[in-house]
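J.:
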Amino acid sequence: MIALHDDHAKNIRRCFNRAALTYDQNCQIQFTVGESLIQKLAVLQPYTNHIIDYGCGTGLVTAQLAMRFPYQHFYAIDIAERLLIQAQNRLENYGIQCLRNDFQSWQNRSINFNLVFSNLALHWSFDLKTILAAIYNCLVPQGLLAFSIPLAGTFDELKNITKNHFFEPIIIRQMLEEIGFNEIDFSEETIQKNFESIISAIKAIKAIGANYTKNKIYQGLRGKNFMHNLWQEPVLLTYQVGYFIASKI
11 MIALHDDHAK
21 NIRRCFNRAA
31 LTYDQNCQIQ
41 FTVGESLIQK
51 LAVLQPYTNH
61 IIDYGCGTGL
71 VTAQLAMRFP
81 YQHFYAIDIA
91 ERLLIQAQNR
101 LENYGIQCLR
111 NDFQSWQNRS
121 INFNLVFSNL
131 ALHWSFDLKT
141 ILAAIYNCLV
151 PQGLLAFSIP
161 LAGTFDELKN
171 ITKNHFFEPI
181 IIRQMLEEIG
191 FNEIDFSEET
201 IQKNFESIIS
211 AIKAIKAIGA
221 NYTKNKIYQG
231 LRGKNFMHNL
241 WQEPVLLTYQ
251 VGYFIASKI
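Heads up, the sequence shown is in the numbering used here, so the first residue is 11 and it goes up one at a time.
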């Protein structure tokens, strides 16, 4: 019998694999958020001998991270093998080891990390608190977790059509505290992008593989005219992004 989280992982993997050829051309927000997270981290001047990037995608942000910080060992993992092929090609000159795996099952007990980095990826985990606890366990004392994540309010413009659940920042901060992390820095940013229609917005989300949802709502009972007008109207799509940097006590 396949566990629920196995189906969850397979569906996410399929969506991101389908976006392998369109990801780099459509991930401007992901790249911008990743650069902002790196800049926030650089202010702290962390010791980064052993680094891992959770959810590296095609390696665009991973390369920026590698250029900014010195390291001896650097791992990058992603669930989608087609994205990972691109990451391997992009990162081959950086000495980064790229591995296909998901957050739930990846473990390397032989290495503890000084820095765990994740850009707009941890929200795809089946159980965020479990993943944060696993990250805590693979950090050295005073090691850092730096991650960006969509917060509540993200894609609210699509809530009558299709939308995943996103946490309020206070809930994530409580998770970190309960696990044992010491919060060093937290900030929020609202990013908005105009689209000609909801259809074009959904296509743009699909182009980066972020179109998997657990529950699709599609309000077909309101009639064809309503749905046609809804899907053709211009939309300003909102990303509510949280930046977290926390240390292992």
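Glycine included, every Cβ here is placed at the ideal spot set by N, Cα and C.
At the 8 Å Cβ level, is residue 127 part of the contact set with chain B, yes or no?
T.: Absent from the structure: chain B. Only one protein chain is present.
J.: Terminal residues of the continuous beta strand (DSSP E) containing residue 216?
T.: No beta strand (DSSP E) holds residue 216; the alpha helix (DSSP H) holding it covers 208 to 217.
J.: Using CA coordinates, which residue listed in 203, 168 and 75 is at the minimum distance from residue 64?
T.: The shortest C-alpha separation from residue 64 is found at 75.
J.: With a 10 Å radius around its C-beta and 16 neighbouring C-beta atoms as the bar for buried, classify residue 96 as buried or exposed.
T.: Looking at its Cβ environment, which holds 16 or more other Cβ atoms inside 10 Å, residue 96 is buried.
J.: Report the residue from 41, 191, 181 and 162 whose alpha carbon sits nearest the alpha carbon of residue 147.
T.: Out of 41, 191, 181 and 162, 191 has the C-alpha closest to the C-alpha of residue 147.
J.: Rounded to a whole number of angstroms, what is the C-alpha to C-alpha distance between residue 198 and residue 28?
T.: Using only the alpha carbons, I get a separation of about 30 Å.
J.: Spatial neighbours of residue 122 within its chain, please: C-beta separation below 8 Å, excluding the five flanking residues on both sides.
T.: Counting only Cβ-Cβ distances below 8 Å, and skipping sequence neighbours, we find 60, 148, 149, 150 and 153.
J.: Grouping DSSP H, G and I as helix and E and B as strand, with all else coil, what is residue 179?
T.: Note: residue 179 maps to helix in three-state DSSP.
J.: What do you get for residue 258, buried or exposed, if any count of 16 or more other CB atoms within 10 angstroms of its CB means buried?
T.: By the 10 Å Cβ count, residue 258 comes out buried.
J.: Of all the beta strand (DSSP E) runs that stay within the bounds of the stretch 34 to 85, which reach a length of 3 or more residues?
T.: Listed in chain order, the complete beta strand (DSSP E) runs (minimum 3 residues) inside the stretch 34 to 85 are 60 to 64.
J.: Quick one: residues in its chain with C-beta nearer than 8 Å to the C-beta of residue 14, no 5 flanking neighbours on either side, listed in chain order?
T.: Reliability fails at residue 14, whose pLDDT of 48 lies under 50, so the model's placement of it is uncertain and no value is given.
J.: Using a Cβ-Cβ cutoff of less than 8 Å, which residues in the same chain neighbour residue 187 once the five nearest sequence positions on both sides are dropped?
T.: Answer for residue 187: 193, listed in chain order.
J.: Rounded to a whole number of angstroms, what is the C-alpha to C-alpha distance between residue 132 and residue 18?
T.: Distance between the alpha carbons of residue 132 and residue 18 is about 14 Å.
J.: Using DSSP with H/G/I as helix, E/B as strand and the rest coil, what is residue 255?
T.: DSSP places residue 255 in strand when its eight states are reduced to three.
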